[in-house]
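**Q** Next up is a structure, given as structure tokens.
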Amino acid sequence: MEQVVANPWAMLAYLVAGVCFILALRGLSSPVSSRRGNRFGMFGMTLAVGTTLVTHQIASLPEIAVAILIGGAFGLVTARKIAMTAMPQLVAAFHSLVGLAAVLVAVAAYLNPTAFGIAEPGGAIHQVSRIEMGLGIAIGAITFSGSVIAFLKLNGNMSGKPIMLPGRHVINLGTLALILGLIAYFLADEAPWVFFTITGLSFLIGFLLIIPIGGADMPVVVSMLNSYSGWAAAAMGFTLHNTAMIITGALVGSSGAILSYIMCAAMNRSFISVIAGGFGGDSGAAAGGGQAIDRPWKRGSAEDAAFLMSQAEQVIIVPGYGMAVAQAQHALREMADQLKAQGVTVKYAIHPVAGRMPGHMNVLLAEANVPYDEVFELEDINSEFAQTDVAFVIGANDVTNPAAKTDKSSPIYGMPVLDVEKAKTVLFVKRSMGGVGYAGVENEVFYRDNTMMLLADAKKMVEEIVKALGH
Amino acid sequence: MEFISILSIFVLACFVGYFVVWSVTPALHTPLMAVTNAISSVIIVGALIASAAAGSATSKWLGLAAVALASVNIFGGFAVTARMLAMYKKKDRPAAGK
Numbered sequence: 001m002e003q004v005v006a007n008p009w010a011m012l013a014y015l016v017a018g019v020c021f022i023l024a025l026r027g028l029s030s031p032v033s034s035r036r037g038n039r040f041g042m043f044g045m046t047l048a049v050g051t052t053l054v055t056h057q058i059a060s061l062p063e064i065a066v067a068i069l070i071g072g073a074f075g076l077v078t079a080r081k082i083a084m085t086a087m088p089q090l091v092a093a094f095h096s097l098v099g100l101a102a103v104l105v106a107v108a109a110y111l112n113p114t115a116f117g118i119a120e121p122g123g124a125i126h127q128v129s130r131i132e133m134g135l136g137i138a139i140g141a142i143t144f145s146g147s148v149i150a151f152l153k154l155n156g157n158m159s160g161k162p163i164m165l166p167g168r169h170v171i172n173l174g175t176l177a178l179i180l181g182l183i184a185y186f187l188a189d190e191a192p193w194v195f196f197t198i199t200g201l202s203f204l205i206g207f208l209l210i211i212p213i214g215g216a217d218m219p220v221v222v223s224m225l226n227s228y229s230g231w232a233a234a235a236m237g238f239t240l241h242n243t244a245m246i247i248t249g250a251l252v253g254s255s256g257a258i259l260s261y262i263m264c265a266a267m268n269r270s271f272i273s274v275i276a277g278g279f280g281g282d283s284g285a286a287a288g289g290g291q292a293i294d295r296p297w298k299r300g301s302a303e304d305a306a307f308l309m310s311q312a313e314q315v316i317i318v319p320g321y322g323m324a325v326a327q328a329q330h331a332l333r334e335m336a337d338q339l340k341a342q343g344v345t346v347k348y349a350i351h352p353v354a355g356r357m358p359g360h361m362n363v364l365l366a367e368a369n370v371p372y373d374e375v376f377e378l379e380d381i382n383s384e385f386a387q388t389d390v391a392f393v394i395g396a397n398d399v400t401n402p403a404a405k406t407d408k409s410s411p412i413y414g415m416p417v418l419d420v421e422k423a424k425t426v427l428f429v430k431r432s433m434g435g436v437g438y439a440g441v442e443n444e445v446f447y448r449d450n451t452m453m454l455l456a457d458a459k460k461m462v463e464e465i466v467k468a469l470g471h
Numbered sequence: 001m002e003f004i005s006i007l008s009i010f011v012l013a014c015f016v017g018y019f020v021v022w023s024v025t026p027a028l029h030t031p032l033m034a035v036t037n038a039i040s041s042v043i044i045v046g047a048l049i050a051s052a053a054a055g056s057a058t059s060k061w062l063g064l065a066a067v068a069l070a071s072v073n074i075f076g077g078f079a080v081t082a083r084m085l086a087m088y089k090k091k092d093r094p095a096a097g098k
């Protein structure tokens with residue numbers, strides 16, 4: 001069989017492309033080397049595409065060029081225009097495209113196996129290839145429909161509240177078992193109905209898996225879908241015997257899996273419980289202390305906050321999803337600049353699950369020109385709160401809740417949290433006293449003697465503080 | 001290629017991925033997702049083969065559609081990663097340091 005990948009130069013080129021992708025990820029170990037890493041990635045991709053074009057009899061070059069141009073232009077414009085706060089949605093949307101592309105390629109391979117070199121002389125598809133194709137299309141379809149739901153939730157087109165179907169665990173497990181059964185049956189019978197039922201059921205399960213997952217668990221979901229998109233690419237790489245696709249698929253798959261693991265660990269929850277969904281629904285609210293409603297708390301003004309911070313030696317800013325929603329990162333950096341001009345040391349403390357995707361807060365702060373060496377991860381800065389004059393919490397809630405350390409009955413018990421309450425003063429920017437965090441629990445910090453609540457829209461409040469600092 | 005040699009590449013690449021990704025600084029986790037997104041569009045290789053192949057018109061159009069989708073991701077993914085990475089800056093005034 002004169003398979004095209006049998007060309008040793010082509011195989012070498014795909015291997016080099018794969019190595020470039022490894023270097024692209026390797027570069028991300030520090031911001032300094034990251035830009036070069038990204039260029040490695042671009043080079044690897046160009047090499048992979050170029051090799052494919054050169055080593056194949058391309059009969060439809062104009063059409064391909066048009067497809068690349070349309071897709072590329074759309075991608076570039078989107079990348080240029082997208083607001084940094086909308087990055088989670090964008091990533092989810094991109095995942096869905098990878099998933100759909102995998103599905104389309106798998107269907108194309110199914111319809112025309114000879115072109116992919118996976119057909120027996122009689123025209124039937126190789127047994128091994130059937131398994132690979134079946135898995136590829138299933139994972140691709142799950143990635144697609146799951147990412148679409150994740151996108152709709154993150155973009156606010158769909159409520160972030162978990163949607164719980166009765167008996168969903170039974171439905172999900174049943175569907176999953178059916179898909180696996182059909183993939184096995186596909187070995188014996190490559191009839192279209194088997195193939196397309198696998199596809200249809202996989203679309204369905206992707207949808208069913210993501211709807212019961214609440215907004216706060218989105219970092220895990222986005223990472224998980226990231227992982228799936230990698231496995232889908234790897235499965236297609238197996239089908240096509242393509243090293244670049246296999247290496248990339250394995251890289252992306254493990255990357256997403258590790259991120260999911262980090263996110264789960266940061267919430268002290270098991271991956272299974274996140275996937276089972278339902279967290280952040282109404283059930284949690286009842287568990288939170290109901291007696292806490294009319295406890296005394298202190299309210300402060302922007303002037304109070306400005307005064308306290310300008311007197312401080314060190315201020316640690318704790319941003320959360322609320323900062324992203326209010327687009328307060330630029331105002332926040334202005335505030336930090338003013339404070340620094342008055343001799344105050346300003347640092348930022350980032351909880352791994354702050355925001356809606358891994359590293360979300362870091363990107364927003366970088367966008368606002370906050371130098372990355374002022375931004376610290378939880379374990380690097382947590383011990384500093386005790387020697388800090390002011391902890392400035394803006395748009396974060398659950399990640400500062402000391403109940404996670406003390407209250408065994410709390411749904412967030414055991415989750416690593418930022419010890420803001422150890423600072424001399426806690427300034428807590430929040431829209432109103434009413435709301436609870438996503439976990440549905442009261443935050444003890446609100447009622448402590450050293451806490452001052454700044455109730456307002458995050459951006460407005462910070463802008464007022466900036467004004468007050470100017471006086 | 002033998003199935004077993006493909007599988008070996010895959011398994012070893014998983015280990016490489018595991019170690020490389022643990023060394024990524026948490027501050028760059030969002031760019032990591034964006035760039036993994038871009039590189040997973042290497043699936044465009046399969047799409048190109050499908051769209052170039054003679055034999056099935058449906059297969060060709062599916063391939064072309066997949067090429068377009070993957071291109072959105074490739075260009076969009078690398079561009080948005082570059083845009084994000086360009087924002088990460090070090091402190092420029094050492095006077096403000098500790």
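Sequences listed follow chains V and Y, in order.
For the first sequence, the residue numbers in the working numbering are 1 to 471.
For the second sequence, the residue numbers in the working numbering are 1 to 98.
Note that CB positions come from ideal geometry on N, CA and C, so glycine has one too.
Are the C-beta of Gly389(V) and some C-beta of chain Y separated by less than 8 angstroms?
**A** Looking at the sequence provided, one finds Asp at residue 389(V) rather than Gly. Taking Cβ atoms only, chain Y never reaches closer than 8 angstroms to Asp389(V), which makes this a no.
**Q** Determine the chain V residues that contact Ile74(Y) at a beta-carbon separation under 9 angstroms, and present them in chain order.
**A** Met42, Met45, Val49, Ile68, Gly71, Gly72 and Gly75
**Q** Using 10 angstroms around the beta-carbon of Phe196(V), count the other beta-carbons present and answer buried if the total reaches 16, otherwise exposed.
**A** exposed
**Q** If contacts are defined as beta-carbon pairs under 8 angstroms, then Phe144(V) and Val103(V) qualify, I think. What distance do you get, rounded to the angstrom?
**A** Between Phe144(V) and Val103(V) the beta-carbon gap is near 6 angstroms, inside 8 angstroms, which marks them as a contact.
**Q** Can you list, in chain order, the residues of the stretch 351-370 of chain V whose Cβ is nearer than 8 angstroms to any Cβ on chain Y?
**A** The residues in question are Pro352, Met357, Pro358, Gly359, His360, Asn362, Val363, Ala366, Glu367 and Asn369.
**Q** Give the residues of chain V in contact with Ile6(Y), contact being defined as C-beta atoms less than 7 angstroms apart.
**A** When 7 angstroms is used as the limit between beta carbons, Ile6(Y) is near these residues of chain V: Phe238, His241 and Ile246, in chain order.
**Q** In angstroms, rounded to a whole number, what distance separates the CA positions of Ala86(Y) and Thr175(V)?
**A** 44 angstroms
**Q** For Leu454(V), which beta-bridge partners are listed by DSSP?
**A** Val429(V)
**Q** Taking a contact to mean a Cβ-Cβ separation below 8 angstroms, would you say Asp217(V) touches Val274(V) in this structure?
**A** Yes; because the gap between Cβ atoms is below 8 angstroms, this pair is in contact.
**Q** Which same chain residues, not among the five before or five after Gly289(V), have their C-beta less than 6 angstroms away from its C-beta?
**A** Only weak support exists for where Gly289(V) lies, its pLDDT of 42 falling under 50; the value from the coordinates is given anyway. Around Gly289(V): Glu442.
**Q** Can you tell me where the beta strand (DSSP E) holding Tyr348(V) begins and where it ends?
**A** Thr345 to Ile350
**Q** Ser223(V) and Gly256(V) look like a contact to me (Cβ under 8 angstroms); what is the Cβ gap, rounded to whole Å?
**A** That belief holds up - the Cβ atoms of Ser223(V) and Gly256(V) are roughly 5 angstroms apart, short of 8 angstroms.
**Q** Determine the direct distance from the alpha carbon of Ala47(Y) to that of Val105(V), and round the result to whole angstroms.
**A** 6 angstroms
**Q** Since Ile139(V) contacts Trp231(V) with CB under 8 angstroms, what's their CB separation in whole angstroms?
**A** 5 angstroms
**Q** Which value, in whole angstroms, describes the spacing of the CA atoms of Phe186(V) and Leu178(V)?
**A** 12 angstroms
**Q** Leaving out five residues on either side along the sequence, give the residues of the same chain with a beta carbon under 7 angstroms from the beta carbon of Ile465(V).
**A** Ala302, Ala305, Ala306 and Met335
**Q** Under three-state DSSP, which class holds Glu463(V)?
**A** helix
**Q** Kindly indicate if chain Y contains any beta-carbon less than 8 angstroms away from that of Tyr372(V).
**A** yes
**Q** Let me check one thing: in DSSP terms, what residues is Arg299(V) bridge-paired to?
**A** Arg299(V) pairs with Met453(V).
**Q** Helix, strand or coil: how does DSSP classify Ala13(Y) here?
**A** helix
**Q** Keeping to the same chain, check which residues put their C-beta closer than 8 angstroms to that of Leu165(V); ignore five residues upstream and five downstream.
**A** Ile171, Leu208, Ile211 and Pro212
**Q** Taking Pro319(V) as part of the alpha helix (DSSP H), name the residues at either end of that continuous run.
**A** Unbroken run through Pro319(V) is the beta strand (DSSP E), Gln314 to Pro319; no alpha helix (DSSP H).
**Q** Would you report the Cα separation of Gly71(V) and Asn37(Y), rounded to the nearest angstrom?
**A** 15 angstroms
**Q** Contact defined as beta carbons within less than 8 angstroms: I believe Leu240(V) pairs with Ile49(Y). What is the distance between those atoms, to the nearest angstrom?
**A** About 7 angstroms; that satisfies the 8 angstroms criterion.
**Q** Determine the contact status of Ile350(V) and Phe376(V), defining contact as a CB-CB distance below 8 angstroms.
**A** yes
**Q** How is Ile163(V) classed by DSSP in three states: helix, strand or coil?
**A** Looking at Ile163(V) - three-state DSSP - the assignment turns out to be coil, as it is neither helix nor strand.
**Q** Look at the Cβ atom of Asn38(V), then the Cβ atom of Thr81(Y), and state whether they are nearer than 8 angstroms.
**A** A contact, by the Cβ cut-off of 8 angstroms.
**Q** Does any residue of chain Y have a CB that is nearer than 8 angstroms to the CB of Leu111(V)?
**A** Residue contact with chain Y for Leu111(V): present (Cβ-Cβ distance below 8 angstroms to some residue of chain Y).
**Q** Ordered along the chain, which non-local residues of its own chain (more than five positions away) have a Cβ less than 6 angstroms from that of Ala328(V)?
**A** Ala458, Lys459 and Val462
**Q** Given the structure, does Thr25(Y) come close to the ligand ZN, in the sense that its CB is under 7 angstroms from one of the ligand's heavy atoms?
**A** Because no ligand of any kind appears in the structure shown, any question about the ligand ZN cannot be addressed here.
**Q** Less than 8 angstroms between C-beta atoms, sequence neighbours within five positions excluded: which residues of the same chain meet that for Tyr261(V)?
**A** Phe271
**Q** Return no unless some Cβ of chain Y is closer than 8 angstroms to the Cβ of Ser229(V).
**A** yes
**Q** Beta-carbon within less than 7 angstroms of Gly134(V)'s beta-carbon, same chain only, minus the 5 sequence neighbours each way: which residues are those?
**A** Ile183, Phe186 and Ile198
**Q** With 9 angstroms as the limit, tell me which residues of the stretch 303-331 of chain V have their beta carbon closer than that to any beta carbon of chain Y; keep them in chain order.
**A** none
**Q** When the Cα atoms are used, what is the spatial distance from Met415(V) to Met267(V)?
**A** The straight-line gap separating the alpha-carbon atoms of Met415(V) and Met267(V) is approximately 5 angstroms.
**Q** Helix, strand or coil: how does DSSP classify Val19(V) here?
**A** Look at Val19(V) here: in three-state DSSP terms it is helix.
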